[in-house]
Amino acid sequence: MLFLYKNLLFCKSNHKEIIKRIASTRPPEAVFIEKALEVPVIVINEQDDVDLIGAPDPVSNLRPILRKIHLHETPLQQKLREMQDATQSWNQGFWAKHNTKFMKEKQEFINSHQIPSEEKKHLTADEMSEFYKRFLDDTWETHLKYNIEWYRRNFTLLFLALCVSLERNYSAYLPK
Numbered sequence: 112m113l114f115l116y117k118n119l120l121f122c123k124s125n126h127k128e129i130i131k132r133i134a135s136t137r138p139p140e141a142v143f144i145e146k147a148l149e150v151p152v153i154v155i156n157e158q159d160d161v162d163l164i165g166a167p168d169p170v171s172n173l174r175p176i177l178r179k180i181h182l183h184e185t186p187l188q189q190k191l192r193e194m195q196d197a198t199q200s201w202n203q204g205f206w207a208k209h210n211t212k213f214m215k216e217k218q219e220f221i222n223s224h225q226i227p228s229e230e231k232k233h234l235t236a237d238e239m240s241e242f243y244k245r246f247l248d249d250t251w252e253t254h255l256k257y258n259i260e261w262y263r264r265n266f267t268l269l270f271l272a273l274c275v276s277l278e279r280n281y282s283a284y285l286p287k
């Protein structure tokens, strides 16, 4: 019971600190410079340890990530960040190309099922399912290769993240 009470006190004090920080009169960490801008400009302090995540790309539907470059980044941390960026770039390229091909072939399928003299009609879900099945059948090998490479890259990232975590937690105990 004492353990639960101590945890409750710790949680309450944590919340008090957060509320104090939010309610303080300091200028906020993120400031919108111009409300009229379509893409807001955000100012972030150098001390903030944050990555910026953007709006989804209209073609790939992936959100871009701008990773923070730390002042005293170790070679291992740099390798992890660069591998994350390379994986993001590879992913962006794959899905942009894939989705462009998908939309082009989908439009061609729709156009091929239109009768020129009639008004354009919307195809039913059953009619579109023919296209979806054919597209998946045509691209299964590409998807298989993508998944294998994606798993390889993610396991590499997991291993690097584990190494960075160990380096961070045990750097005080390692000889210099």
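Residue numbering for the sequence shown follows this note's numbering, beginning at 112 and increasing consecutively. C-beta: ideal position from N, C-alpha, C; glycine also. Being a predicted model, the structure only gives us computed values, none of them experimental.
Excluding the 5 residues preceding and the 5 following residue i in the sequence, name in chain order all residues of the same chain whose CB lies nearer than 6 Å to its CB.
i    : result
R263 : none
H209 : none
Is the separation between the beta-carbon of residue i and that of residue j shorter than 9 Å?
i    : j    : result
L177 : L191 : no
F205 : Y243 : no
L182 : C274 : no
M250 : K217 : A small correction: the amino acid at residue 250 is Thr; Met does not occupy that position in the sequence shown. In this structure, K217 does not lie closer than 9 Å to T250 by Cβ.
Could you give the distance in angstroms between the alpha-carbon of residue i and the alpha-carbon of residue j?
i    : j    : result
F270 : P286 : 22 Å
T198 : D168 : 16 Å
E219 : R245 : 13 Å
E260 : S200 : 13 Å
A272 : G165 : 23 Å
S240 : E229 : 23 Å
Give me, in chain order, the residues of the same chain whose beta-carbon lies closer than 7 Å to that of residue i; leave out the 5 immediate sequence neighbours on both sides.
i    : result
L173 : P167, N202, Q203 and W206
Return the Cβ separation of residue i and residue j in integer angstroms, given the expectation that the two are a contact with Cβ distance under 8 Å.
i    : j    : result
V161 : K179 : 6 Å
I226 : L234 : About 12 Å; that fails the 8 Å criterion.
E252 : T185 : That belief does not hold up - the Cβ atoms of E252 and T185 are roughly 40 Å apart, past 8 Å.
L268 : Q189 : About 14 Å separates the two Cβ atoms, so there is no contact after all.
H254 : E238 : That belief does not hold up - the Cβ atoms of H254 and E238 are roughly 23 Å apart, past 8 Å.
I'd like the list of long-range same chain contacts for residue i, defined as Cβ closer than 8 Å, with 5 residues on each side in sequence excluded.
i    : result
L158 : It is Gln, not Leu, that sits at residue 158 in the sequence shown. Cβ neighbours of Q158 beyond the five flanking positions: none.
**OP:** Enumerate, from N- to C-terminal direction, the unbroken beta strand (DSSP E) stretches of 3 or more residues contained entirely within the region 159-234.
**Re:** none
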